[in-house]
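Novice:
Residue numbers (the numbering used here): 13 to 600.
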């Protein structure tokens, strides 16, 4: 974790407004911890360097420098792949257990099977789940259309696993487990790019691999983890796009006779950043998220605003006197068309099966009930799809019927009311004082990780507001995009497992907090840690204590995941041990 990033270069960033005397508001904010941004070189501000482990680590391990360099290069992918391997082994272990249709799998597994076989969802008879588990080949796919309230992408993905491994629990959970595993790899690489540290990136991925909610959702055929995957992929695309566009700006700026990069207002305000395929990729990913569940639409709006503000910050750093006007002229229209229309087109294409089969629910509405409408000049399939969407919206906003496991979003971060996906009691359990054993799959985050994330989010918000750290702002945006919209529907029946969409950002927040606890190596640049002072006055002793504290927290999280393992995997345990794990009354 020790870094050998270059020393802070003072006085080189000519034209930097932060190098002037602090304004009155800056002086007032200092009482809350606000400090001016460290005066690093302009190139490092636009294109920050990557941190590298210090020589002390290799000398302690008796590793020669040339071998150490190879290990550092290898670790950029080797470290994330190793963490992903661990995550995959955990998620695929006994994936077919419990051998049951658990919670909302009763909807999505069957809808997916119908979708991949006939192009539209069917109306399944009640109590067919037991027949499917006993002999799926004996259960015919209903040809009558079924009324479904979620777009088809997630069900196409679940159905692909069913095509590979059959209409079985392993089959309908397979692709969700694949995406859950790959999301750990994505977070490792995203965290590495955010923090410029392979170690911190792998730590973020490890935390995601050991989060109970993400783990359970990776082993259950529900749609929310699929939404999370596409949201995380879109975020990663935007982070890469940010790096590339800022590097383009840096390469276009002039260099003085001393070789120092200088800001230039004309270039910063007029330079066109050209083709940005990563932002286009983000538009596709956000469209796929929206085409899995509609809450992806809120993420599209939040991430669209975020990427535009990143462009403002880049042009301001490059020397633009009016960065907002420059972005309005040069970047806003391309940013809009590479995200919003792309996402909408992706959404419409996802309904291809419903469109071409001509047998889906409401598919012929325009030619029957909707005949004679003033919009009849539009294609019938488009008007029928629009009518279907309006009916689904009315269903969602009117869904207020009570449920045993519903919860208010205010309680999500403290895991106030988890969701029991599966529960069975077995009599004759000699290990239990009650004579019973319990088997449960409980959708709950790793408690110590989530409770630490509450403090981490406070730190992230503080760092964003008073240290103006863009990484903290990006993490806060990811959490807010997945969490805040549910506060507008508090009267609706909603569940804790919806929070899986922003779990990766909670892990990034905890990683940021742990990195700050460890602190920078003595004498390293401010970029070496998470923006702390360039020379820590307490030296290596403070860093050692910080590393011990952070290490203890990570070990406690690992222990906590292991402790709740039986509740994540549906492992039968004595009822006494099951009750020991019900830390809060609301978990029962």
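Note that beta-carbon positions come from the ideal geometry of N, C-alpha and C, so glycine has one too. Just so we're clear, the structure is a prediction, and the values are computed from it rather than from any experiment.
For residue 55, count neighbouring C-beta atoms within 10 Å of its own C-beta (all shown protein chains included) and say buried if the count is 16 or more, exposed if not.
Specialist: buried
Novice: Going by CA-CA distance only, name the one from 481, 522 and 475 that's closest to residue 467.
Specialist: When 481, 522 and 475 are compared, the shortest CA-CA separation from residue 467 is found for 522.
Novice: Are the Cβ atoms of residue 582 and residue 434 separated by less than 8 Å?
Specialist: yes
Novice: For residue 451, which beta-bridge partners are listed by DSSP?
Specialist: 436
Novice: Assess, as a yes-or-no matter, whether the region 92-109 is touched by the region 205-222 under the definition of 3 or more beta carbon pairs within less than 8 Å.
Specialist: yes
Novice: Counting only runs that start and end within the region 316-401, where is the alpha helix (DSSP H) found for 4 or more residues in a row?
Specialist: 335-342, 344-349, 352-361 and 364-369
Novice: Is the region 368-385 in contact with the region 304-323, if contact means three or more CB pairs nearer than 8 Å?
Specialist: no
Novice: Which same chain residues end up closer than 7 Å to residue 429 when comparing Cβ atoms and leaving out the 5 residues on each side of it in sequence?
Specialist: 417, 419, 423, 508 and 598
Novice: Have a look at the DSSP bridge pairing and note the partners of residue 585.
Specialist: 450
Novice: For the alpha helix (DSSP H) that contains residue 175, what are its first and last residues?
Specialist: For residue 175, the enclosing alpha helix (DSSP H) starts and ends at 165-177.
Novice: DSSP three-state label for residue 197, please.
Specialist: The three-state reading of DSSP puts residue 197 in helix, counting H, G and I together.
Novice: Check whether the region 111-128 and the region 171-185 touch, using three or more Cβ-Cβ pairs below 8 Å as the test.
Specialist: yes
Novice: Going by C-alpha distance, which of 491, 477 and 454 is nearest residue 465?
Specialist: 491
Novice: So, do the region 570-587 and the region 446-458 have three or more beta carbon pairs nearer to each other than 8 Å?
Specialist: yes
Novice: Which of helix, strand or coil does DSSP assign to residue 161?
Specialist: coil
Novice: Going by CA-CA distance only, name the one from 229, 463, 600 and 159 that's closest to residue 188.
Specialist: 229
Novice: Do you know how far the Cα of residue 426 is from the Cα of residue 520?
Specialist: 17 Å
Novice: DSSP beta-bridge partners for residue 134?
Specialist: 157
Novice: Suppose contacts are defined by Cβ-Cβ distances below 8 Å. Is residue 553 in contact with residue 411 by that definition?
Specialist: Not a contact, by the Cβ cut-off of 8 Å.
Novice: Residue 151 by DSSP, collapsed to three states: which one?
Specialist: Of the three classes helix, strand and coil, the one that applies to residue 151 here is coil, per DSSP.
Novice: May I ask you to list the residues that DSSP assigns as paired with residue 273?
Specialist: 267
Novice: Got a sec? Which residues, its chain only, sit under 7 Å from residue 196 by beta carbon, not counting five neighbours each side?
Specialist: Sequence-distant partners of residue 196 (beyond 5 residues in either direction) whose C-beta falls short of 7 Å from its own C-beta, in its chain, are 95, 96, 99, 217, 220 and 221.
Novice: How is the alpha helix (DSSP H) around residue 471 delimited, first residue to last?
Specialist: 459-478
Novice: Can you tell which of 506, 576, 280 and 211 has its C-alpha closest to the C-alpha of residue 332?
Specialist: 280
Novice: Taking just the CA atoms, how far does residue 148 sit from residue 179?
Specialist: 6 Å
Novice: Thinking just about the alpha-carbon of each residue, which of 205, 311 and 330 is nearest to the one in residue 276?
Specialist: Per the Cα distances, 330.
Novice: Quick one: using the 10 Å Cβ neighbour count with 16 as the cut-off for buried, is residue 556 buried or exposed?
Specialist: exposed
Novice: What's the gap between the Cα of residue 17 and the Cα of residue 207?
Specialist: Because the pLDDT of residue 17 is 36, which lies under 50, any placement of that residue in the model is unreliable, and the question is left without a value.
Novice: Just to confirm my understanding: we take residue 595, look at its own chain, exclude 5 residues before and 5 after, and list those with CB closer than 8 Å. What are they?
Specialist: 459
Novice: Run through DSSP, which three-state label would residue 33 get?
Specialist: Only weak support is given to the placement of residue 33: the predicted model assigns it a pLDDT of 49, under 50, and the value that follows is read from those uncertain coordinates. Correct three-state label for residue 33: coil.
Novice: Given a cut-off of 8 Å, decide if residue 306 and residue 253 are closer than it, judged by their beta-carbon atoms.
Specialist: no
Novice: Cβ of residue 288 within 8 Å of Cβ of residue 362?
Specialist: no
Novice: For residue 444 and residue 587, which I take to be in contact (beta-carbon distance under 8 Å), what is that distance rounded to the nearest angstrom?
Specialist: Contact between residue 444 and residue 587 holds, since their C-beta atoms are separated by about 5 Å, short of 8 Å.
Novice: In its own chain, which residues sit with a C-beta less than 8 Å from the C-beta of residue 407, not counting the 5 before and 5 after it?
Specialist: Spatial neighbours of residue 407 in its own chain (CB-CB distance under 8 Å, excluding positions within 5 residues in sequence) are listed in chain order as 161.
Novice: Looking only at its chain, what residues have a beta carbon closer than 8 Å to the beta carbon of residue 106, apart from the 5 residues adjacent to it on each side?
Specialist: 581
Novice: Looking at the unbroken alpha helix (DSSP H) that takes in residue 619, where does it start and where does it end?
Specialist: A question about residue 619 goes unanswered here, because the residues of the chain that appear run from 13 up to 600.
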